[in-house]
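K.L.:
First, the structure itself, so that you have it in front of you.
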């Protein structure tokens, strides 16, 4: 395991979510009702940064073409509107272990 510090827990609690650079990756992290989530933040369709969080459904939507991803699994739930026949099963995103370590959010990359 290689835990990397990202953002303060206090800042994430206030913002609810953030796309942060972790080494050579951009990771989408979220704090929803005290549960932490982390997944790749770069959409597998057109490489846009994810960001539209739905806290109730635990999903993240890409701003560019509205591909929808499950925050828990990284699975693509809806393909981008410009590619309705995209192979959803091949376009999922990687999820990461995440933790609060003494007030700092860390991701295992």
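In UniProt numbering, the protein residues as written are 1 to 109.
We treat Cβ as the ideally placed atom computed from N, Cα and C, and that holds for glycine.
Since the model is a prediction, treat every value here as computed from it, not as a measurement.
1. Closest to residue 45 by C-alpha separation, out of 95, 100, 107, 87, would be which residue?
2. Buried or exposed: which applies to residue 108, given that a residue is buried once 16 or more other Cβ atoms fall within 10 Å of its Cβ?
3. From 82, 56, 92, 84, pick the residue whose C-alpha is nearest to that of residue 69; which is it?
4. Buried or exposed, going by whether 16 or more other CB atoms sit within 10 Å of the CB of residue 106?
5. Excluding the 5 residues flanking residue 77 on each side, which residues of the same chain have their C-beta closer than 8 Å to its C-beta?
6. Just the C-alpha distance for residue 3 and residue 95, rounded to the nearest angstrom, thanks.
7. How close, in whole Å, do the beta carbons of residue 30 and residue 53 come, if the pair is a contact with beta carbons under 8 Å?
8. Check for me: the beta strand (DSSP E) holding residue 77 runs from which residue to which?
9. Am I right that residue 9 and residue 85 are in contact with their C-beta atoms under 8 Å? What's the rounded C-beta distance?
10. For residue 39, count the other beta carbons within 10 Å of its own beta carbon; 16 or more makes it buried, fewer makes it exposed. Which is it?
P.N.:
Short version:
1. Among 95, 100, 107, 87, the Cα nearest to that of residue 45 is on 87.
2. The residue in question, residue 108, is exposed, as its Cβ has fewer than 16 Cβ neighbours within 10 Å.
3. Here the closest residue by C-alpha is 92.
4. Residue 106 is classed as buried because its beta carbon has at least 16 other beta carbons within 10 Å across all chains shown.
5. So the qualifying residues of the chain are 59, 68, 69, 70, 88.
6. Take the alpha-carbon of residue 3 and the one of residue 95: they are about 14 Å apart.
7. Cβ-Cβ separation between residue 30 and residue 53: approximately 6 Å, consistent with a contact (criterion under 8 Å).
8. In this chain, the beta strand (DSSP E) harbouring residue 77 covers 76–78.
9. Incorrect: roughly 41 Å between the Cβ atoms, too far for contact.
10. Classification of residue 39: buried, given that the 10 Å Cβ count is 16 or more.
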